[in-house]
Every structure is written in structure tokens, then in C-alpha cells.
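In terms of this note's numbering, the sequence shown opens at residue 801 and continues consecutively. Even for Gly, the Cβ is constructed at its ideal location relative to N, Cα and C. Everything numeric in this text was worked out from a predicted model, so none of it was measured. Before any comments, here is the structure.
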Amino acid sequence: MFVAAAEIFAAGGTVCIEMERQKFVSILAEPVVGKCEIVADESGNVRWRVFSPFESLLIVNGRGAFRFEKISGQWRKLESGFAEKVRKIAAEIAAVARGEIPESYAVRRNGKTVVLVPKSSATARFVKSIRIELDGRGNIPRSIEFEEPNGDKTVLKTTAAAENPQNAQAAFDESDFLGFEKK
Numbered sequence: 801m802f803v804a805a806a807e808i809f810a811a812g813g814t815v816c817i818e819m820e821r822q823k824f825v826s827i828l829a830e831p832v833v834g835k836c837e838i839v840a841d842e843s844g845n846v847r848w849r850v851f852s853p854f855e856s857l858l859i860v861n862g863r864g865a866f867r868f869e870k871i872s873g874q875w876r877k878l879e880s881g882f883a884e885k886v887r888k889i890a891a892e893i894a895a896v897a898r899g900e901i902p903e904s905y906a907v908r909r910n911g912k913t914v915v916l917v918p919k920s921s922a923t924a925r926f927v928k929s930i931r932i933e934l935d936g937r938g939n940i941p942r943s944i945e946f947e948e949p950n951g952d953k954t955v956l957k958t959t960a961a962a963e964n965p966q967n968a969q970a971a972f973d974e975s976d977f978l979g980f981e982k983k
């Protein structure tokens, strides 16, 4: 199922996915809708840029996890006490994309559907499950659903995808975090 993604990553590839984001929160009647972009490579580097309804950026690379948010029109770096946990979760999801099964998740597969359930109680406090629906080739997610233990969930639906985008390595540089967008 992950053969095509494994081939992209084995060749040193990068995947860039544009997605519609819906956040379902139990106290709200309607979901919060926005747009985001996820870039990932074979090394476990991940870039998650949220464009709306607010602007934020998370970069996970070999040096750590770095969060930025646009506040009053200016980008600011945020301190995160969860940086190492975020980096670890991103690395585990990247491992699944390479066709590996991380020891910290139970993995169920049914056709083009993959469900990850954390084995660790520490991770289970934040994530109940991650459900990934893959495209026809089996290498790009059609949708990703993050379910939280409190019943809230985030659903990401792919609107566009590209393999090996221009300027890909700049996506993971936290010191020039907007360099990737200068394509």
C-alpha cells in the first residue's frame, strides 16, 4: 500500500499536499474550516502551514520542532513545551508513510485505509486515533482524520498534491521559515 510513497522517499523525494482543514469541536455547532499545506520528506522532516482561519507554521526537522504564528500581521516564534513529543509523532507518521510500522502505534489496514492507534498512554492523552484514506496509487492521502480522546476531531482533505516540489529543502529550514514560499 505504501509502495509508491516508499519509492518517492527512497529516491530522496518530498511530497507537498494542499488540504482543506475542518476542526470539529464539541462546543461549536459548525466545524472551523480552513486551508493548510503539509510537506514531508524521507528523513521525517515535516512542514505544516495553516493559512486560514488563522496563520501558523510548524516545522519539524532533525534540530527539533519549531512553531510560528502570525499575530497582528507579524510572524512570531512560539515556545513549545511539547516540541520533542511533536517531533516524535511526526517522525512516526513519516515512518508509516515509508511503509514502516512504528512500535508505539497499533496499525490496522483495510484496502486504502490505514488506522493508527497509539499504544503509549502519554500519546493517547492527545490522539485517540489517526485514520488515513489513501488515493488510488496508495501514496498520497485523500484524507487524514485525527480523533482526540474528548471526541473532537480534525479532518484534512487533499485538494492538490505534488511530488518533489521546487525549492523543497527550504521547506524545513526554521531559520528562514518563509524561504520555501519564495519558489
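At the C-beta level, Ile817 and Ala961 come within 8 Å of one another.
With contact defined as three or more Cβ pairs closer than 8 Å, the segment 828-840 and the segment 928-940 are not in contact. Excluding the 5 residues flanking it on each side, Thr959 has same chain C-beta neighbours closer than 7 Å at Glu818, Met819 and Glu820, in chain order. Contact between Phe980 and Asn964 does not hold, since their C-beta atoms are separated by about 13 Å, which reaches or exceeds 8 Å.
DSSP places Ser920 in no beta strand (DSSP E); its state is neither H nor E.
Within the model, the alpha-carbon separation for Thr954 versus Ile932 is close to 12 Å. 8 Å or more divides the Cβ of Asp952 from the Cβ of Ser856. Taking a C-beta distance under 8 Å as the contact criterion, Ile940 and Val815 qualify as a contact pair. In this structure, DSSP gives Lys888 a helical state, which the three-state scheme calls helix. Going by beta carbons, Phe868 and Phe977 fall inside the 8 Å limit.
For a cut-off of 8 Å, the C-beta gap from Ser852 to Lys835 is around 5 Å, short enough to register as a contact. Secondary structure at Glu820: strand, using DSSP grouped into helix, strand and coil. The C-alpha of Gly844 lies about 11 Å from the C-alpha of Gly813.
According to the DSSP assignment, Asp973 belongs to no beta strand (DSSP E), since it is labelled neither H nor E.
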